[in-house]
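Before any comments, here is the structure.
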Amino acid sequence: MVSPRSTRLPGEQGLNGALRQARLAEAAHFEAVLEIRDAQTLRLQVLKDDLVPIVAGGSAATSFIDLALVPGDPPRLWVDLITSVVMAPDPRTYRLVQDSPAGRQTLFETADRAEMVERVTQHIAHRLVAREREMTAVSTLAADSKAAITGYSTGALILAWVSGFSVGALALFVAGILISRLIG
Numbered sequence: 247m248v249s250p251r252s253t254r255l256p257g258e259q260g261l262n263g264a265l266r267q268a269r270l271a272e273a274a275h276f277e278a279v280l281e282i283r284d285a286q287t288l289r290l291q292v293l294k295d296d297l298v299p300i301v302a303g304g305s306a307a308t309s310f311i312d313l314a315l316v317p318g319d320p321p322r323l324w325v326d327l328i329t330s331v332v333m334a335p336d337p338r339t340y341r342l343v344q345d346s347p348a349g350r351q352t353l354f355e356t357a358d359r360a361e362m363v364e365r366v367t368q369h370i371a372h373r374l375v376a377r378e379r380e381m382t383a384v385s386t387l388a389a390d391s392k393a394a395i396t397g398y399s400t401g402a403l404i405l406a407w408v409s410g411f412s413v414g415a416l417a418l419f420v421a422g423i424l425i426s427r428l429i430g
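Here the sequence shown is numbered in the working numbering, starting from 247 and rising by one per residue.
Structural data, given as structure tokens:
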């Protein structure tokens, strides 16, 4: 009687075993990647928990600062629309990055969470000052343009209407005379 192993080709058992080993190695790799991503997400969550009371303490900051932890590869803690914290280049290093038209810029990098909390707090404060300056410039510009629009007095508007009416009536009178000469 022939055993089942003898009916297989000599390389087939080796290939099946190698495929099984490769699949196990790939599964272990993906599991390790997921563990690293989970560790990064947990570190960013702790950073977010440290920043929430700071942001909540400033009423001006709550209007445009929205701490949002977004899972992904890599996970990101968004501070505002253009600034985020990622764990890079390794899973233990916090990196504060800002997106700009020129590309992504690294603003600060540290392995110490307390330092990152301090730097993000400083960044938020600088953004608040810049926002206040922009709001002041916009309100000044709006006030200037409003003064220019409302700068016309009632007398000036009546004078403009009367002169427009007079010019129109004179044009109709001249047109009537020209038409009567052509017909008659």
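Glycine is no exception: its CB is placed at the ideal position from the N, C-alpha and C atoms.
Original post:
CB residue 306 to CB residue 374, shorter than 8 Å?
Top reply: A distance below 8 Å separates the beta carbons of residue 306 and residue 374.
Subject >> Cβ separation of residue 311 and residue 301, assumed to be a contact under 8 Å, to the nearest whole Å >> reply: Indeed, because the Cβ distance is near 5 Å, the residues count as touching under 8 Å.
**OP:** Compute the Euclidean distance between the alpha carbons of residue 380 and residue 416, then round it to the nearest angstrom.
**Re:** Taking the straight line joining both Cα atoms gives about 51 Å.
Original post:
Per DSSP, residue 345 forms a beta bridge with which residues?
Top reply: For residue 345, the beta-bridge partners assigned by DSSP are 350.
Subject >> Inter-residue spacing [alpha-carbon to alpha-carbon] between residue 371 and residue 351 >> reply: In a straight line, the C-alpha of residue 371 is about 19 Å away from that of residue 351.
**OP:** From the DSSP output, read off the bridge partner residues of residue 330.
**Re:** DSSP output for residue 330 lists 324 and 343 as bridge partner(s).
Original post:
Roughly how many whole angstroms lie between the Cα atoms of residue 339 and residue 383?
Top reply: Using only the alpha carbons, I get a separation of about 38 Å.
Original post:
Three or more beta-carbon pairs under 8 Å between the segment 314-333 and the segment 268-275, yes or no?
Top reply: Judged by Cβ distances under 8 Å, the segment 314-333 makes no contact with the segment 268-275, as fewer than three pairs qualify.
Subject >> Under the three-state DSSP convention, the category residue 313 falls into >> reply: Residue 313 sits in coil when the DSSP states are folded into three classes, being neither helix nor strand.
Original post:
If you draw a straight line from the C-alpha of residue 485 to the C-alpha of residue 385, how long is it?
Top reply: The question about residue 485 has no answer here: the residues shown for the chain are numbered 247 through 430.
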